[in-house]
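Please read the structure below before turning to the comments.
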Amino acid sequence: MAPGSDEVIRTEALTRSFPMGSTIVHALRGVDLVIRRGEYVAIMGPSGSGKSTLMNLIGCLDTPSSGQYWLSGQPVAQLGQDDLARIRNKTIGFVFQTFNLLARATALRNVELPLIYGGVPPAERRARAEEALQQVDLGTRMDHRPNQLSGGQRQRVSIARALVTKPALLLADEPTGNLDSKTSAEIMVLFDALHRAGNTIVVVTHERDIAEHAHRIVTIRDGQIASDELRKRPEAIAP
Amino acid sequence: MNFVEGFRLALESIWANRLRSFLTLLGVIIGIAAIISTAAVIQGLNSYVSEKLSNLGKGVFTVQRVGLITNREAFLAAIRRNRKLLPADGRAIIERCPSASAVAWETHATIDIKRGTNEIRDVDVGGITPGILEIEPFEVADGRILAQHEEDGSAPVVFVGNDIVERLFPGIDPVGKDLRIKGRDLRIVGVAAKKGSILGFSQDNFVKIPFSLHRKLFGTRRSINISVQAAVPEDMETTMDEVRTVLRARHHLEPADDDDFTFLTAEGINTLWRSLTATIFSIALFVVGISLVVGGVVIMNIMLVSVVERTREIGVRKAVGARQRDIVLQFLVEAVLLSCVGGLIGVAIAWGLSELLAAYTPLPARFPSWAPPVAFLICAGIGVFFGIHPARRAARLDPIEALRTE
């Protein structure tokens, strides 16, 4: 079946297995998932459920053992390393639990990083990075290094880095896992705002209250989708 | 990612680990400094020798019993085989070589000379026929050189080098004074201009006396060196052939026999000298090459450590879109830059060293202008050769594994 034009993610019978010693671990056992543009989806599941494996596949960091995956309408399941790198660069913005900022670089340089690999010329790069930092309320902290920033500020730098390429998909892996509850709430407010601004967001989490910010909660158990719960109708997207 | 970005990243990384970078580079620094210093000394010596040899007039050659020989066995063999050259040989050349415009000869002895409480050791006493001064010009500082009538009359006169004046006549004008050599008082007629020293050997520790007097004082059994000026300097070969024919006949050599004498020309000395220094240089190059290889391996090692330390950074870069070639470029540029920084420091040290050597030692070191670009090429080569393996290892890291690293 041809993927629809507003589908950001479509997977069909996606599996992923790893050799583990003499046995083979089936981390994903056939996942069919469609996420449309403008959706805000939480992927939940206990550890070992396969949600991290699914996130790596969705994020084009890994390739499936079998099955198909279209990202923004483009089949990516069989692509090689460098093609995947290009797609990660253009299409996906990652937000990690541990922020994963470059310690020696300023906030601005960190946000510029994806644009460097995207071949954006320096002047434009800087302008876009500044814009992204302002979008996450860090316009005054651009020259700070990660160790001069609080945990919440660091996570906002990493969100700016994810947004700076204007990706089709914002993919967050336990974005509040290293933050206290007050800061977590602030970050989730930011995600809500980004969703309202039209971004497609997938948050991988094992915390129910974080997942409840999303409009749709997909629960993974034993490598398969156990439930797919629509909490609210996704907001209409401007054409 | 382009080159400028890679360069900037590499600079940041090297600067962030300054001490480690410097220690890593010691091998390269020492290697480059050593090779360029050696080259500086050799280049200095070469140009010094060329300069000195150019004093030897064009079309001039010397006939000697033993040529320039660089090993003891060959020297002893030549001493056994070759007949002494005698004044009769010189006179035969004068008579029978029409293309020689001037012929003169010199013989040598070494003695210690005392004057009052002062003594100077190992003075080279040269017995010359005055014609030699026309063939090999002598700069005179004071007085005059020896004259033909003094040779004809075995006059007790002497022309002295600067060391003799400094050591035996401190603060005294020596011209007109006597100098006692082999029990004879010889009148000093002139003083040579100071020549300085080569490799610590003074060039001023000599006296010249008439050849005929030399034979009276030191005996008639010494071999002579015959200097010949070709009438047509461009056609020195013809003159050499004439001299060869005369000497072979006088020495009763069969056609199959080798010459039992040697021609020495400025060009020949220069060639020998250069082949000698080239050998020294290639040995130095080999030894230093080892140090550069070690330096390269150290760079590779530190780059491998760096890749491990920065696994997570590599993971982040790959996650946001770095391709394998971007990562390879980043680490390769870093290795090359690291190595080139070492080369730069090495060049700077070599430059300082050759200036110091030239200023404070007898070695006429001269910093070679080709050194910086060549050092740069060598270091870039080392960086690429030893950097490619760590760079590829970094590029092949799995992004998921890399992001998971603590």
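Protein chains in written order, with this note's numbering: chain A, 4 to 242; chain B, 2 to 407. Glycine included, each C-beta is placed from N, C-alpha and C at the ideal position.
What is the rounded straight-line gap between the Cα of residue i and the Cα of residue j?
i	j	result
A:S8	A:I38	11 Å
A:R129	A:R157	19 Å
B:I33	B:T39	10 Å
B:L10	A:P117	15 Å
A:L172	A:I61	10 Å
B:V348	B:V306	27 Å
A:V221	A:T203	15 Å
B:P99	B:M237	12 Å
A:S230	A:S20	22 Å
A:T18	B:I383	46 Å
B:V342	B:V294	16 Å
A:A163	B:A285	57 Å
A:A175	B:G353	57 Å
A:A135	A:G83	30 Å
A:P237	A:H218	Any reading at A:P237 needs caution, since the residue's pLDDT is 48, under 50, leaving its predicted position unreliable; the model's value is listed next. Their backbone Cα atoms lie some 7 Å apart in a straight line.
B:N302	A:K54	38 Å
B:A257	B:N83	15 Å
B:P363	A:Q151	58 Å
B:I225	B:L134	16 Å
B:T246	B:D113	39 Å
A:Q138	B:V299	46 Å
B:I227	B:T108	9 Å
A:A196	A:S75	22 Å
A:I223	A:G33	11 Å
A:R131	A:F97	17 Å
A:V11	A:H147	34 Å
Would you mind telling me which residues of chain A sit closer than 7 Å to residue i, beta carbon to beta carbon, in chain order?
i	result
B:I401	N59, L64 and D65
Within 10 Å of its beta-carbon, does residue i have 16 or more other beta-carbons around it, so buried, or fewer, so exposed?
i	result
B:E331	Checking the sequence shown, residue 331 of chain B turns out to be Gln, not Glu. Buried, by the Cβ-count rule.
B:E310	exposed
B:Y361	exposed
B:G117	exposed
B:E96	exposed
A:M23	exposed
A:D212	exposed
B:E120	exposed
B:G184	exposed
A:V160	buried
B:W371	exposed
B:Q65	buried
B:R324	buried
A:F102	buried
A:S50	exposed
Closer than 8 Å by beta-carbon distance: list the chain B residues that pair up with residue i, in chain order.
i	result
A:R164	V321
A:Q84	R324 and Q325
In this structure, does DSSP put residue i in helix, strand or coil?
i	result
A:G33	strand
B:F264	strand
A:T222	strand
B:D179	strand
A:I204	strand
A:D65	coil
A:M47	strand
A:T2	Any answer about residue 2 of chain A is impossible in this case: the structure gives chain A only from 4 up to 242.
B:V321	coil
A:D86	helix
B:D186	strand
B:D113	strand
B:F8	helix
A:A217	coil
B:F160	strand
B:D125	strand
List the residues of chain B whose Cβ lies closer than 7 Å to the Cβ of residue i, in chain order.
i	result
A:A88	K319, G322, A323 and R324
Determine the chain A residues that contact residue i at a beta-carbon separation under 9 Å, and present them in chain order.
i	result
B:L293	Result: empty, since nearest Cβ-Cβ is about 30 Å, beyond 9 Å.
B:L54	Chain A residues near B:L54: none, gap ~59 Å exceeds 9 Å.
Interface positions of the stretch 313-332 of chain B facing chain A (Cβ-Cβ less than 9 Å), listed along the chain: R313, E314, G316, V317, R318, K319, A320, V321, G322, A323, R324, Q325, R326 and D327
Members of the stretch 117-138 of chain A near chain B, C-beta cut-off 7 Å: P117, I119, Y120 and G121
Residues, ordered as in the chain, of the stretch 90-106 of chain A that lie near chain B by beta-carbon distance below 9 Å: I90, R91, N92, K93, I95, G96, F97, F99, T101, N103, L104, L105 and A106
Cβ-based contacts, 9 Å cut-off: residues of the stretch 7-24 of chain B near chain A: E13, S14 and A17
Contact residues within the stretch 343-354 of chain B, judged by C-beta distance below 8 Å to chain A: none
Residues within the stretch 374-404 of chain B neighbouring chain A, beta-carbon criterion of under 7 Å: P400, I401 and L404
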